[in-house]
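Working notes, structure below.
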Amino acid sequence: MNHRKIAPVVLGTGIALTALAAPAVASADTAPAGTVTVQAKHSKSAKCTTPKGKKINISWGDGNVSTKVYYNNHCNQTRGIELQFITDGGKFTVECHNATAKKKSSAKYGHSMPNKVSILKGKCPKK
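Under mature numbering (1 follows the signal peptide of the UniProt record, and there is no 0), the letters of the sequence shown match residues -21 to -1, 1 to 106, in that order.
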């Protein structure tokens, strides 16, 4: 007689759990097309020559049209931030910005998704 009482409860619980799980699956399948996704964020740092123990820190995201690099240069020296991009035609292009000593700011580059980012030991090379 105990089996008859337990079986309907277990069966009833299984149906309830299945009903609870179904809406979660349905909502994932019905997500709207073109949903905004989070773009990748990157960061990098390099040691200063002087003062010892300090760094220059940079961060950037993978933009769709351009790339903005934020920097905080704790060094006593201006440091170049160099980005290499591959253009639509498959050509490499390099852009560089000098991060002024002891300054926090940003630089915007006219290309998106750099394939290489470097913090130079000195200033950007002259073109």
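A virtual CB, placed ideally from N, CA and C, is assigned to each residue, including glycine.
Here the structure is a predicted model, which means the values were calculated and not measured.
Closest Cα partner of residue i within the set the options
| i | options | result |
| --- | --- | --- |
| residue 83 | 70, 96, 50 and 106 | 50 |
| residue 79 | 106, 98, 42 and 41 | 98 |
| residue 106 | 76, 26 and 86 | 76 |
| residue 19 | 25, 52, 46 and 35 | 46 |
| residue 100 | 41, 55 and 40 | 55 |
| residue 57 | 91, 32 and 28 | 28 |
| residue 89 | 68, 42, 26 and 32 | 42 |
| residue 107 | 65, 85 and 81 | Lying before the first or after the last residue shown, residue 107 is absent from the chain, which here runs from -21 to 106. |
8 angstroms contact criterion, which residue i and residue j should meet: CB distance rounded
| i | j | result |
| --- | --- | --- |
| residue 48 | residue 37 | 6 angstroms |
| residue 93 | residue 62 | 4 angstroms |
| residue 73 | residue 23 | Their Cβ separation, rounded to whole angstroms, is 16 angstroms, which puts residue 73 and residue 23 out of contact at 8 angstroms. |
| residue 53 | residue 34 | 6 angstroms |
| residue 102 | residue 59 | 5 angstroms |
Residue ranges of each alpha helix (DSSP H) within the segment 16 to 99, 4 or longer: none
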